[in-house]
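Here is the structure we will look at.
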Amino acid sequence: MGQPKSAVIRSDLDIVIARTMARDMARALGFSAVDQARIATAVSELARNIYLYAGTGTVTVREVEKLGRKGIEIVCEDQGPGIPDVDLVMQDGYTTSRGMGMGLPGAKRLMDDFVIQSQVGVGTKIVLRKWRN
Amino acid sequence: MESLRIPILKIGDILIASIQVNLHDASAVQFKDDLLEKIHATRAKGVIIDLTALDLVDSFIGRLIADIAAMAGLMGSRVVITGLQPAVAITLVELGLELPRVITALNLEKGLSVLQRLTAESGDGAA
Chain A
1 MGQPKSAVIR SDLDIVIART MARDMARALG FSAVDQARIA TAVSELARNI
51 YLYAGTGTVT VREVEKLGRK GIEIVCEDQG PGIPDVDLVM QDGYTTSRGM
101 GMGLPGAKRL MDDFVIQSQV GVGTKIVLRK WRN
Chain B
1 MESLRIPILK IGDILIASIQ VNLHDASAVQ FKDDLLEKIH ATRAKGVIID
51 LTALDLVDSF IGRLIADIAA MAGLMGSRVV ITGLQPAVAI TLVELGLELP
101 RVITALNLEK GLSVLQRLTA ESGDGAA
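Quick note, the sequences are listed as chains A and B, same order. Take the first sequence: its position 5, counting from 1, is numbered 5 in our numbering, and each next residue is one higher. Take the second sequence: its position 30, counting from 1, is numbered 30 in our numbering, and each next residue is one higher.
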């Protein structure tokens with residue numbers, strides 16, 4: 001399996017770098033054009049969340065395998081303010097002044113697995129996976 | 001970094017912009033500002049934004065497109081979005097962003113005829 005790749009998110013340019021990195025790996029792993037778009041878009045949403053709410057953080061992509069099935073795993077981590085009510089932000093239509101209420105639930109719909117851990121004052125970690133057909 | 005400027009071409013009463021770069025947020029906002037200025041300066045009756053070359057439209061760019069259409073509409077100019085790739089259309093709907101108020105067409109040619117009809121209907125499109 002290939003090496004994991006990481007991007008540090010500090011500006012809106014890094015959002016483009018992170019989603020391009022995810023798309024390149026998805027393409028190399030044989031994902032369809034539609035899945036490549038889903039993966040890149042989910043990464044774009046989460047990388048933007050890091051930029052808007054935490055300021056800085058990292059996005060790491062790697063190849064994973066489960067029961068002979070290949071997939072891609074994306075880990076988005078920041079040491080930002082954390083999310084006080086995760087259930088609330090996972091609701092469709094929930095929005096803050098800067099968001100538009102589809103970042104997290106939208107990214108979840110685009111992927112197969114979506115695990116979020118967040119602690120106020122500590123940070124947020126989101127793990128996404130998509131499995132190849 | 002200075003944001004990329006997207007060229008906006010004028011043909012008759014219509015402006016045409018083709019987005020061919022992987023837009024970051026600042027250059028997308030710059031494009032919105034440039035386009036609205038150009039509508040004002042040229043009194044364009046219609047605008048086509050061609051997205052054939054874009055392989056990703058996330059919620060930020062999607063919202064910006066909806067904003068541009070609404071703002072241009074307030075100024076009296078109609079916007080048609082053309083050339084969305086299948087993967088982009090699928091992703092947008094799954095994301096929850098269906099852009100119901102944005103007028104779209106399959107390609108630039110069909111977009112032009114949609115725009116001609118729209119501007120003719122509003123009574124000011126006759127040459």
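Note that beta-carbon positions come from the ideal geometry of N, C-alpha and C, so glycine has one too. Small disclaimer: the values here were computed from a predicted structure and weren't measured.
Measure the CB-CB distance between residue i and residue j and report whether it falls below 8 Å.
i	j	result
GLY55 of chain A	GLY80 of chain A	yes
MET75 of chain B	ILE103 of chain B	no
ILE74 of chain A	VAL43 of chain A	yes
THR124 of chain A	ILE83 of chain A	yes
SER51 of chain B	LEU84 of chain B	Note on residue identity: the sequence assigns Leu, not Ser, to residue 51 of chain B. Against a cut-off of 8 Å, the Cβ pair of LEU84 of chain B and LEU51 of chain B comes out as a contact.
VAL79 of chain B	ALA105 of chain B	no
VAL61 of chain A	ALA87 of chain B	no
ARG48 of chain A	ILE72 of chain A	no
ALA129 of chain B	ILE49 of chain B	Since the first and last residues shown for chain B are 1 and 127, residue 129 of chain B lies out of range.
LEU15 of chain B	THR41 of chain A	no
VAL114 of chain B	SER77 of chain B	no
ARG129 of chain A	GLY30 of chain A	no
LEU56 of chain B	ARG19 of chain A	yes
SER59 of chain B	LEU97 of chain B	yes
In this structure, what does DSSP give as the bridge partners for residue i?
i	result
ASP50 of chain B	B:SER18, B:THR82
PHE114 of chain A	A:LEU128
ALA7 of chain A	A:VAL59
GLN119 of chain A	A:GLY123
THR104 of chain B	B:ILE81
What number of angstroms, rounded off, separates the C-alpha of residue i from the C-alpha of residue j?
i	j	result
THR119 of chain B	LYS10 of chain B	16 Å
ARG27 of chain A	GLN36 of chain A	6 Å
ALA26 of chain B	ASP34 of chain B	12 Å
SER97 of chain A	LEU52 of chain A	Because SER97 of chain A sits at a pLDDT of 44, beneath the cut-off of 50, its placement in the model cannot be relied upon, and the following sentence gives the value as read from the coordinates. For SER97 of chain A and LEU52 of chain A, the distance between alpha carbons rounds to 11 Å.
VAL122 of chain A	GLU63 of chain A	27 Å
ALA108 of chain A	ASP13 of chain B	Per the sequence shown, residue 108 of chain A should be read as Lys rather than Ala. Each residue's alpha carbon lies about 43 Å from the other.
LYS32 of chain B	THR82 of chain B	17 Å
ASP87 of chain A	ILE61 of chain B	26 Å
ALA22 of chain A	ARG69 of chain A	18 Å
ASP78 of chain A	ASN107 of chain B	41 Å
LEU54 of chain B	ASN22 of chain B	7 Å
LEU112 of chain B	LEU67 of chain A	51 Å
VAL29 of chain B	LEU64 of chain B	8 Å
VAL8 of chain A	LYS110 of chain B	42 Å
LEU36 of chain B	ARG101 of chain B	18 Å
ASP113 of chain A	ALA44 of chain B	47 Å
VAL127 of chain A	ILE6 of chain B	35 Å
MET1 of chain A	ASP67 of chain B	43 Å
ALA69 of chain B	GLU65 of chain A	44 Å
GLN119 of chain A	ASP85 of chain A	9 Å
ALA41 of chain B	GLN3 of chain A	52 Å
ARG117 of chain B	GLY73 of chain B	15 Å
SER6 of chain A	ILE50 of chain A	14 Å
ASP92 of chain A	GLN117 of chain A	18 Å
MET71 of chain B	ILE19 of chain B	19 Å
SER32 of chain A	GLU121 of chain B	42 Å
Residue i and residue j look like a contact to me (Cβ under 8 Å); what is the Cβ gap, rounded to whole Å?
i	j	result
HIS24 of chain B	ASP12 of chain A	5 Å
LEU110 of chain A	ARG38 of chain A	4 Å
CYS76 of chain A	LEU104 of chain A	At roughly 11 Å, the Cβ-Cβ gap does not stay under 8 Å, so CYS76 of chain A and LEU104 of chain A are not in contact.
If you measure from the CB of residue i, is any heavy atom of the ligand ZN nearer than 7 Å?
i	result
GLU94 of chain B	Annotation note on the ligand ZN: not contained in the displayed structure, which lists no ligands.
Exercise. Return the residues of the stretch 41-56 of chain A that lie within a Cβ-Cβ distance of less than 8 Å from chain B, sorted by chain order.
Key: THR41, SER44, GLU45, ARG48
Quiz item: In the stretch 69-94 of chain B, which residues sit with their C-beta less than 9 Å from some C-beta in chain A, listed in chain order?
Solution: GLN85, PRO86, ALA87, VAL88, ILE90, THR91, LEU92, GLU94
Exercise. Determine which residues of the stretch 41-71 of chain B have a Cβ less than 8 Å from any Cβ of chain A, and write them out in chain order.
Key: ASP55, LEU56, VAL57, ASP58, SER59, PHE60, ARG63
Exercise. Taking a Cβ distance cut-off of 7 Å, strictly less, list which residues of the stretch 4-27 of chain A are near chain B, in chain order.
Key: ASP12, LEU13, ILE15, VAL16, ARG19, THR20
Quiz item: For the stretch 8-27 of chain B, which residues have a CB atom closer than 7 Å to at least one CB atom of chain A, in sequence order?
Solution: ASN22, HIS24, ASP25, ALA26
Exercise. Could you please tell me which residues of the stretch 95-111 of chain B, in chain order, have their CB closer than 7 Å to any CB of chain A?
Key: LEU95, GLY96, LEU97
Self-check item: Contact set between the stretch 101-116 of chain A and chain B, restricted to residues whose Cβ is under 9 Å from the partner
Solution: GLY101, MET102, GLY103, PRO105, GLY106, ALA107, ARG109, LEU110
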